[in-house]
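*Asks:* Below: one structure in structure tokens.
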Amino acid sequence: MTPSTRLRLQEILERIGQNRPVALAERIELQKYADRDRRVADWLRQARRRQLQQRPAEGLDQLLEGLNLGCAEPDETFRPGDDDLEGWFGGAPDWLRRS
């Protein structure tokens, strides 16, 4: 990824985190990079988390945000219809699927 692309994506992510308008084309471009690059996916997750919180994190919240442990919304990853273990972990990161 070129430095100019990284800066453009980070500017889009900043607007998402601040709940400011982002064009559909920008969101599509950002998602394409997030699908291919784990760093961009992490940045996007953090921006969405900031968008949900809309308040400065302090103390334990700041620590958890910095650790980037996962989705702030549990419903986003929980799929109750998947009874088998392999299906439930279908959306897991590559490092976990290989285990």
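According to my numbering, the sequence shown is numbered sequentially starting from 29. All residues carry an ideal CB built from backbone N, CA and C; glycine is no exception. Computed from a predicted model, the values in this text were never measured in an experiment.
According to DSSP, is Gln-79 part of a helix, a strand, or is it coil?
*Replies:* Gln-79: helix per DSSP, three-state reduction.
*Asks:* Between Asn-96 and Arg-73, which are expected to be in contact by the criterion C-beta below 8 Å, what is the C-beta distance as a whole number of angstroms?
*Replies:* Between Arg-73 and Asn-96 the Cβ distance is about 7 Å, and since that is below 8 Å, they are a contact.
*Asks:* Would you mind working out which of Ser-32, Trp-123, Asn-47 sits nearest Gln-82, comparing C-alpha positions?
*Replies:* Among Ser-32, Trp-123, Asn-47, the Cα nearest to that of Gln-82 belongs to Asn-47.
*Asks:* Pull up the distance between the alpha-carbon of Val-68 and that of Arg-34, whole angstroms please.
*Replies:* One C-alpha to the other measures close to 9 Å.
*Asks:* Contact check, Arg-76 vs Ile-44 under 8 Å by CB: the rounded distance?
*Replies:* The pair is a contact, with the Cβ atoms about 7 Å apart (cut-off 8 Å).
*Asks:* On the criterion of 16 or more Cβ atoms from any shown chain inside 10 Å, does Trp-123 qualify as buried, or is it exposed?
*Replies:* By the 10 Å Cβ count, Trp-123 comes out exposed.
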